[in-house]
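S.K.: 1 is the number of the first residue of the sequence shown in the UniProt record's numbering; add one for each residue after it.
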Amino acid sequence: MKKNVLIIGAGGVAKVVAHKCAQHNDELGRIAIASRNISKCQAIIDSVKAKGSLKVPADIQAFELNALDVEATKALIRDTGSQIVINVGSAFLNMSVLRACIDTGVAYLDTAIHEEPGKVCETPPWYGNYEWNHLEECKEKNITAILGVGFDPGVVNAYAALAQQQYFDRIDSIDILDVNAGSHGKYFATNFDPEINFREFTGQVWSWQDSQWTSNTMFEVKRTDDLPVVGEQNLYLTGHDEVHSLSKNLDVPNVRFWMSFGEHYINVFTVLRNLGLLSEQPVKTAEGLEVVPLKVVKAVLPDPSSLAPGYTGKTCIGDLVKGTKDGQPREVFIYNVADHEDAYAETDSQGISYTAGVPPVAAALLVARGEWDVQRMANVEELPAEPFLKALDVMGLPTRIKDEHGDRPLEL
C-alpha cells in the first residue's frame with residue numbers, strides 16, 4: 001500500500017490537488033508541494049489551511065525544485081518519503097519526472113501528455129513519441145505510471161471504457177465534447193497555462209476517423225450541440241491527448257475531440273496567430289534580444305489561477321457515444337457538469353482547474369488502496385472505470401448519463 005504524496009507544480013490545478021489530498025490525508029499520508037517558485041507552493045498551503053481542508057492534523061511542506069533536474073527530483077522523493085508523485089507542472093516536465101519516479105520506484109501520475117518546447121503537434125499517436133517508450137521498463141520494474149488522469153484526458157477515457165463495457169455491443173464513434181460556459185470577466189485569458197493552451201491549437205488537428213489518422217486545421221470543422229445545463233453550444237474539432245490512446249486501446253473506428261469557443265476567443269486567437277505571436281520558435285528583436293513570441297504572450301496574459309474570484313457559470317464535459325446494443329442503434333451521453341463558483345468556494349480555484357485537479361487525487365487514492373496500483377504504465381481506459389467514477393462521485397465530480405431512458409445520475 002502506497003502513501004505520502006509529492007505534488008509537482010504550483011498552478012491552479014496543483015492548488016485543487018493539494019486541497020483534495022488534504023481532504024483525504026488520512027489515507028494519503030504526508031503531503032509535499034514542489035515547484036520552481038516556492039512562494040506559490042506556500043500560498044497553496046496557506047489556502048489549504050484557511051479552508052480547513054486537512055482531514056487530520058498534519059503539516060504540508062513546500063520545496064523549491066527544478067523538476068527538469070532528475071537527480072534533484074529523485075532526492076526530493078527520497079527526502080520526503082513520497083510513494084506517489086502527482087505531476088501537475090508544465091507538460092514539458094513529464095519525461096524528467098517520470099524518469100525520477102522509475103529510478104526511485106514510486107508511482108507516477110500526470111494529467112497531460114509530454115511536450116517538447118521546440119515541437120508542436122508531433123506525429124500521432126502522441127504517446128508513442130515519449131511516454132509509451134517506457135512501457136516495458138515500467139512493467140519490468142513494477143512501476144505504476146498512470147497517464148493523463150485529469151478530466152480530459154482522464155475521466156472521459158473512463159467514460160469511454162464504461163460505455164464499451166456496459167452500454168454497447170459495438171461502438172461506431174466516440175465524440176468527446178468539452179464546453180466551458182463560464183465567464184471570467186477578462187478581455188482575454190486562457191483557463192490553464194497559455195503556452196500549453198495555444199500550442200494545442202496552432203498545429204494540425206489530428207482525429208481518428210475510419211480507423212486512421214485524419215488531419216484538419218483549427219476551426220475548420222464545427223458542430224452545434226444542445227447540451228445539459230449549458231444549452232446550445234458551438235464546438236470545433238480539436239486535437240487532444242485522449243484521442244491518441246483511445247484510438248489504440250479501444251476498437252472504435254471514430255474518436256474525435258470537440259471544444260467550445262466563442263467568437264471573441266477565435267478572433268483574438270486568429271490575430272495573434274497571424275501576427276506570429278503564437279510561435280514557439282525564438283526570434284530576435286531589433287535590440288538583439290532573443291525571445292519566444294508565445295512566451296511573451298503568456299507573460300502578458302492573466303495568470304489562469306487569478307481568474308478564480310468572480311468566475312461564474314458552468315462546464316459540461318462528456319462522451320457522446322454511438323453504436324449498437326442488442327442489434328439496435330443506441331446513443332448515450334455520459335458527462336459531468338461543474339460549477340465555477342462552487343469550485344472557488346471549496347478550493348479557491350475556478351472550475352477548469354477543479355475538473356482537472358480532482359481526478360488525479362481520486363487516482364492516487366485508488367493507488368494507495370491497491371485498486372489501481374497496477375505496477376505498469378497504463379492509460380485510464382485500461383483500468384477499472386467503476387471505482388474511479390465512484391470516487392469522483394463523492395469527491396465533487398458526479399457522473400450523469402443521458403440516453404433513451406432520460407437524463408439522470410449514473411448509478412454504479
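Positions of the beta carbon are idealized from the N, C-alpha and C atoms, including for glycine. Bear in mind that the values here come from a model prediction, so they are computed numbers and not experimental data.
Would you please state the rounded distance, in angstroms, between the beta carbons of Ala18 and Val56? I believe it to be under 8 angstroms.
M.R.: Actually they do not touch by this definition, with Cβ atoms about 15 angstroms apart.
S.K.: How about the region 114-126 and the region 86-95: do they share at least three Cβ pairs that are nearer than 8 angstroms?
M.R.: yes
S.K.: For Asn87, which of helix, strand or coil comes out of DSSP?
M.R.: strand
S.K.: Secondary structure at Ala286, three-state DSSP: helix, strand or coil?
M.R.: Three-state result, Ala286: coil.
S.K.: So the alpha helix (DSSP H) Met377 belongs to, where does it begin and stop?
M.R.: Met377 -> not in any alpha helix (DSSP H); beta strand (DSSP E) instead, spanning Met377 to Asn379.
S.K.: Here's the rule I'm using: 16 or more other beta-carbon atoms within 10 Å means buried, otherwise exposed. How should Pro194 be labelled?
M.R.: buried
S.K.: Does Cys41 come out as helix, strand or coil in the three-state DSSP assignment?
M.R.: helix
S.K.: Count Cβ pairs between the region 359-375 and the region 387-395 that sit closer than 8 angstroms; are there 3 or more?
M.R.: With the rule of 3 Cβ pairs closer than 8 angstroms, the region 359-375 counts as touching the region 387-395.
S.K.: Beta carbon of Leu65, beta carbon of Met377: below 7 angstroms?
M.R.: Not in contact: Leu65 and Met377 (Cβ atoms no closer than 7 angstroms).
S.K.: Rounded to whole angstroms, how far is the Cβ of Leu237 from the Cβ of Trp258, which I believe are closer than 8 angstroms?
M.R.: Between Leu237 and Trp258 the beta-carbon gap is near 6 angstroms, inside 8 angstroms, which marks them as a contact.
S.K.: Which residue comes first and which comes last in the alpha helix (DSSP H) that contains Thr238?
M.R.: Not the alpha helix (DSSP H): Thr238 falls in the beta strand (DSSP E), residues Gly231 to Thr238.
S.K.: What did DSSP end up calling Trp372 once you bin it into helix, strand or coil?
M.R.: coil
S.K.: If you draw a straight line from the alpha carbon of Ile8 to that of Val97, how long is it in whole angstroms?
M.R.: Approximately 9 angstroms, taken between the alpha carbons.
S.K.: For the beta strand (DSSP E) containing Leu147, name the first residue and the last one.
M.R.: Where Leu147 is concerned, the enclosing beta strand (DSSP E) stretches over Ala145 to Leu147.
S.K.: Does Ser247 pass the burial test, meaning 16 or more other C-beta atoms within 10 Å, or should it be called exposed?
M.R.: buried
S.K.: Tell whether a beta-carbon distance below 7 angstroms holds between Ala50 and Val380.
M.R.: no
S.K.: Output the distance between the C-alpha atoms of Ser245 and Ala161, rounded to the nearest integer angstrom.
M.R.: 12 angstroms
S.K.: Between Asp210 and the rest of its own chain, which residues show a CB-CB distance below 8 angstroms, the 5 nearest in sequence each way excluded?
M.R.: Pro253 and Asn254
S.K.: Please list, in chain order, all residues of the same chain as residue 438 whose beta carbon is under 6 angstroms from its beta carbon, the five residues on each side excluded.
M.R.: The question about residue 438 has no answer, for the chain in this structure spans 1 to 412.
S.K.: Does DSSP put Val321 in a helix, in a strand, or in coil?
M.R.: In the structure shown, the three-state DSSP call for Val321 is strand.
S.K.: Please classify Asn157: does DSSP put it in a helix, a strand, or coil?
M.R.: Shown here, Asn157 sits in a helix according to DSSP, grouped into three states.
S.K.: How far does the beta strand (DSSP E) with Tyr108 in it reach, from first residue to last?
M.R.: Ala107 to Asp110
S.K.: So, at 7 angstroms on beta carbons, what are the nonlocal neighbours of Arg99 in its own chain, with the 5 sequence-adjacent residues on each side left out?
M.R.: Val70
S.K.: Quick one: Cα of Gly313 to Cα of Val337, how far?
M.R.: 10 angstroms
S.K.: Taking the alpha-carbon positions, what's the Ser53 to Gly370 distance?
M.R.: Approximately 24 angstroms, taken between the alpha carbons.
S.K.: Going straight from the alpha carbon of Leu410 to that of Ile401, what length do you get?
M.R.: 6 angstroms
S.K.: From the DSSP output, read off the bridge partner residues of Lys51.
M.R.: According to DSSP, which records beta bridges pairwise, Lys51 is partnered with nothing at all.
S.K.: To the nearest angstrom, how far is it from the Cα of Tyr167 to the Cα of Val332?
M.R.: 8 angstroms
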